[in-house]
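Okay, structure first, notes after.
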Amino acid sequence: QIYKSSGAIDNKKVACRWDLSDGEGITVYVDTLLGESWMAAVKKGLEAWNPAFEKAGLKNVIKVLPYPSGDKSFRVDNPLVNLVSYAGGMGLGLSADLITDYTTGEIMSMRILVPGDFVTGVRRASIYDISDVDPRYQEYFLCDEAICEVLTAKVMSVFGRCLGLEKNLAGSAAFSPAELSDPAFTQANGITGSITDDVLFNTFAKPGDKERGLVTIVDRVGPYDEFAIEWLYGHEGSPESLKALVESRKGDPRYFYAPNVKGRVSDPRLAKEALGNDPFANYEASLSHLKFVAANASKWLQSDDIPQLYKDLFIDWLWLGMNTAAFRLSPYIGG
């Protein structure tokens, strides 16, 4: 809403995006406190969006550099410098802050914060969802390679918001369980229509599938994301031409969009944080992972080096995982 001195109010719709008309692209500086391997994982996640821009006719849009050493003009408190910073806290979620001119929709700068204890979040998410498929996630002390795979996926997802995309809860429902169980399909298409959705691991993966070449984790920008970048940055046409672009994808589930639902109301077409277009198949697949954990966890928790609190809460988290999987079905049952 635009307020005028006369007292009148004008309503104006804008799409949030960067101004790339100068050809300079978007330069993002990565905190060197993250260490070399995590910096590389962050860089990979940010640059994963470059192919989408190339399809829209723009090359080398995302440029990633470390914090400059010895450059006295560089300041991390400059609000117009784009940063990925090492922060406090724990958990899997990366936060993003944008400075946007809401009269024009232009995104002026962005900042992504990586929790200092990110590993705790990775450990919780992975052991209950994928440890039967990928033994690296069975260990309490996770190897750096496994952590970096998750970090890259989470950076890819949150950076979508920084480019002007909203969370798309329909992304994870783009493919069927059969497609998500097919190594050739997942290698060609990934596992979700949009990485802005909440999914991380391929729920439908079974032991041995990773060795057969099945994609087991979000590893690329999805078709919806590429389309959104094309709509935002690849066309300077009229509203009619943009509408025609949307119409050209009509009916294809890879390009469906559903907003983030807030509150207790659920969209019965979507199961939040669930993968695939069959929520009951997703429930069964989720349960199979949890049953494997329940049968094997006692062997993984023997070491005295593992904190006792983690051991004490392990079965609680297992129960919560089962409860969450069942709760996703509630919109289909009613009540």
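Last residue of the sequence shown: 336 (this note's numbering), numbering continuous. Quick reminder that beta carbons are idealized off the backbone N, C-alpha and C, glycines included.
Do you know how far the Cα of V134 is from the Cα of P116? 26 Å
Best match in I100, E48, A229 and I148 for proximity to G92 [C-alpha to C-alpha]: I148
Enclosing beta strand (DSSP E) for E212 [first to last residue]: Careful: E212 lies outside any beta strand (DSSP E) and carries neither H nor E.
Just to confirm, are L35 and Y87 a CB contact at a threshold of 9 Å? yes
Going by the DSSP bridge assignment, what does Y30 pair with across the sheet? L66 and L84
Can you tell me whether I131 is buried or exposed, with buried defined as 16 or more other CB within 10 angstroms of its CB? buried
Identity of the residue in P254, Y333, T217 and L66 nearest K45 by Cα: L66
Within the same chain, show all residues whose beta-carbon is closer than 6 Å to that of K312, passing over the 5 residues directly before and after it, in chain order. These residues qualify, in order along the chain: L302.
Please report how far the alpha carbon of I63 lies from the alpha carbon of G26, in whole angstroms. 6 Å
Should the stretch 226 to 239 be called in touch with the stretch 179 to 187, which here means at least 3 C-beta pairs below 8 Å? no
Using the C-alpha atoms, what's the distance from E248 back to Y138? Looking at the two C-alpha atoms, the distance is approximately 43 Å.
Use the C-beta contact count for A49: other C-beta atoms within 10 angstroms, 16 or more gives buried, fewer gives exposed. buried
Using the C-alpha atoms, what's the distance from P224 back to K56? 11 Å
To the nearest angstrom, how far is it from the Cα of L319 to the Cα of G191? 28 Å
Counting pairs of beta carbons, one from the stretch 162 to 171 and one from the stretch 238 to 245, are three or more of them closer than 8 Å? no
Please report the straight-line C-alpha distance between D78 and L47, rounded to a whole angstrom. 21 Å
Give the DSSP bridge partners of I113, in chain order. Beta-bridge pairing links I113 to V85 and A97.
Do the stretch 196 to 212 and the stretch 155 to 166 meet, that is, are 3 or more Cβ pairs less than 8 Å apart? yes
If you drop the 5 nearest sequence neighbours on each side, which residues of the same chain put their C-beta closer than 8 Å to that of R250? F228 and Y256
By Cβ distance, which residues of its chain are closer than 6 Å to V43, with the 5 residues on each side in sequence left out? Cβ within range, chain order: V31, V85 and V156.
Tell me the rounded alpha-carbon separation between N324 and G194. Cα-Cα distance, rounded: 26 Å.
Nearest to G122 by alpha carbon, out of P260, Y141, G58 and K244? Y141
Alpha carbon to alpha carbon, how far is T105 from P80? 19 Å
So P240 is in the alpha helix (DSSP H); what residue range does that whole segment cover? P240 to E248
Cβ of A174 within 9 Å of Cβ of R329? No.
Leaving out the 5 sequence neighbours to the left and right, which residues in its chain are closer than 7 Å to G165 when beta-carbon positions are compared? A16, C17, R18, I108 and L233
For a quick check, are the C-beta atoms of M111 and V29 less than 9 Å apart? yes
Kindly give me the distance between the Cβ atoms of P260 and A272, rounded to whole angstroms, as I take these residues to be in contact under 8 Å. Their Cβ separation, rounded to whole angstroms, is 15 Å, which puts P260 and A272 out of contact at 8 Å.
Nearest to L276 by CA position, among A326, G24 and P69, is which residue? A326
Cutting at 7 Å between CB atoms, please list the residues of its own chain near K207, excluding the five before and the five after it. Same-chain partners within the cutoff: V134.
Which of helix, strand or coil does DSSP assign to R221? Three-state result, R221: coil.
Could you spell out where the alpha helix (DSSP H) holding W19 opens and where it closes? Where W19 is concerned, there is no enclosing alpha helix (DSSP H), given that its DSSP letter is neither H nor E.
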